[in-house]
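One structure is given here, and the rest of the page talks about it.
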Amino acid sequence: ARIAEIAAANGLAALPSALLTYAFMIMVAVSTVGPFVIMLSVSLTQNIRFITFPIDLIPSPITLENFQTLYSKTMALRWLGNSMYVATVSTLGGVITSTMAGYAFARGTFLGKTVLFTLFLGILMMPSTALIVPQFVVLSRLGLVNTYTALIGPWFASIFGTFLMRQQYLSIPRDYDDAATVDGAGLWQVYYKVLLPQLKPAMATLAIFTFMWSWNDLLNPLIYVSELDQLTLTVGMSLFQNQYGGKWTLMMAAAVVSILPILLVFFLAQKYFIQGIALT
767 ARIAEIAAAN GLAALPSALL TYAFMIMVAV STVGPFVIML SVSLTQNIRF ITFPIDLIPS
827 PITLENFQTL YSKTMALRWL GNSMYVATVS TLGGVITSTM AGYAFARGTF LGKTVLFTLF
887 LGILMMPSTA LIVPQFVVLS RLGLVNTYTA LIGPWFASIF GTFLMRQQYL SIPRDYDDAA
947 TVDGAGLWQV YYKVLLPQLK PAMATLAIFT FMWSWNDLLN PLIYVSELDQ LTLTVGMSLF
1007 QNQYGGKWTL MMAAAVVSIL PILLVFFLAQ KYFIQGIALT
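767 is the number of the first residue of the sequence shown in this note's numbering; add one for each residue after it.
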């Protein structure tokens, strides 16, 4: 229907270009969504040792046996809850501290602001693996190893988030601050009631990124947590893979469980996410 509208509005000369554009878009969509459809299809199939192609996209019969096995033979529910808790608290903390720090760097006037922000950017450019040993030493001396705090801490203050929020604050004219100050608003009122509501797209973008990074984090839980009931889903699924690596239907069921929260968060905030990408 859309191609017909284009042809009617612009003549038949625009038809080949429209066909090529939509054909390319369909190819990209299929190549992107296809693996997830196959993953879901295999997870609903009875146990098989070898996957043959083409795969039946609608398995016959459809079974939930793989998910039942996943939850009965592993601590998947516990790991899922751990990941949800860690990712949610990390996201909330990261967004709140980033908006505050970005506000300070964008609107504040204090000694060494430029030097401190430059150091922030320098740390952002360092590989995360170079910070593992110092972080472990600090957390160990604080007695936080084998606690959720050790998993939340690295995400609670985000240098990338601070940089992103600072840029967003700088894009807002200072006239808003001046007008609010004239009306009697204080520093926190300007931050909370005037500027923060204008940062919703950027905050949603940062929230999705932080949740995704925390959810998919494998290295930090592997280093800081050794108790089985405190593992996150990523580490738990890696142990599951070592034990059931040859059972593809079980592996796909585990993959479906691990990816659903990310998809849910994205679909709930996709409007603000797209706006945030456009603004940044």
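Ideal placement from N, C-alpha and C gives every residue a C-beta, glycine not left out. Computed from a predicted structure; not experimentally measured.
Could you give the residue range of the alpha helix (DSSP H) that holds E993? According to the DSSP assignment, E993 belongs to no alpha helix (DSSP H), since it is labelled neither H nor E.
Whose CA, out of G847, S924 and L858, lies closest to the CA of L890? The option with the nearest alpha carbon to L890 is S924.
Could you please give the first and the last residue of the uninterrupted alpha helix (DSSP H) stretch that includes L836? DSSP places L836 in the uninterrupted alpha helix (DSSP H) bounded by E831 to K839.
When DSSP labels each residue in this structure, what does F922 get in the three-state scheme? Three-state DSSP puts F922 in a helix.
On the criterion of 16 or more Cβ atoms from any shown chain inside 10 Å, does F871 qualify as buried, or is it exposed? So F871 ends up on the buried side.
Just to confirm, is the Cβ distance from Q934 to A968 under 7 Å? Closer than 7 Å, so yes.
7 Å Cβ cutoff met for F975 and V1031: It is not a contact, given that the beta carbons lie outside the stated cut-off.
Rounded to the nearest angstrom, how far is the Cβ of L843 from that of Y837, given a contact under 8 Å? The Cβ separation is near 6 Å, so the contact holds.
Cβ neighbours of T1000 in the same chain (closer than 8 Å, five flanking residues each side left out): Around T1000: S849, W981, N982, D983, L984, P987 and S1024.
Taking only the alpha-carbon atoms, compute the straight-line gap between I824 and G859 and give it to the nearest angstrom. I824 and G859: Cα-Cα distance of roughly 42 Å.
Where S797 falls: helix, strand or coil (DSSP): Helix at S797.
Where do the ends of the alpha helix (DSSP H) carrying P967 lie? Per DSSP, P967 belongs to the alpha helix (DSSP H) from K966 to N982.
Do A896 and L905 have their C-beta atoms within less than 7 Å of each other? Their beta carbons are not under 7 Å apart, which means A896 does not touch L905 by this criterion.
Does the beta-carbon distance from V956 to A945 come in below 7 Å? Against a cut-off of 7 Å, the Cβ pair of A945 and V956 comes out as no contact.
Kindly list the residues whose CB is nearer than 7 Å to the CB of R932, restricted to its own chain and excluding five residues on each side of it in sequence; keep chain order. Taking C-beta separations shorter than 7 Å and ignoring five residues to either side along the sequence, the partners of R932 in its chain run G868, F871 and A872, following chain order.
Quick one: is S864 buried, meaning 16 or more other Cβ sit within 10 Å of its Cβ, or exposed? Taking all protein chains shown into account, S864 has 16 or more neighbouring C-beta atoms within 10 Å of its C-beta and is therefore buried.
Just confirm the distance between the C-beta atoms of S809 and A1019, as a whole number of angstroms; I'd bet it's less than 8 Å. About 4 Å separates the beta carbon of S809 from that of A1019, a gap short enough to meet the 8 Å contact definition.
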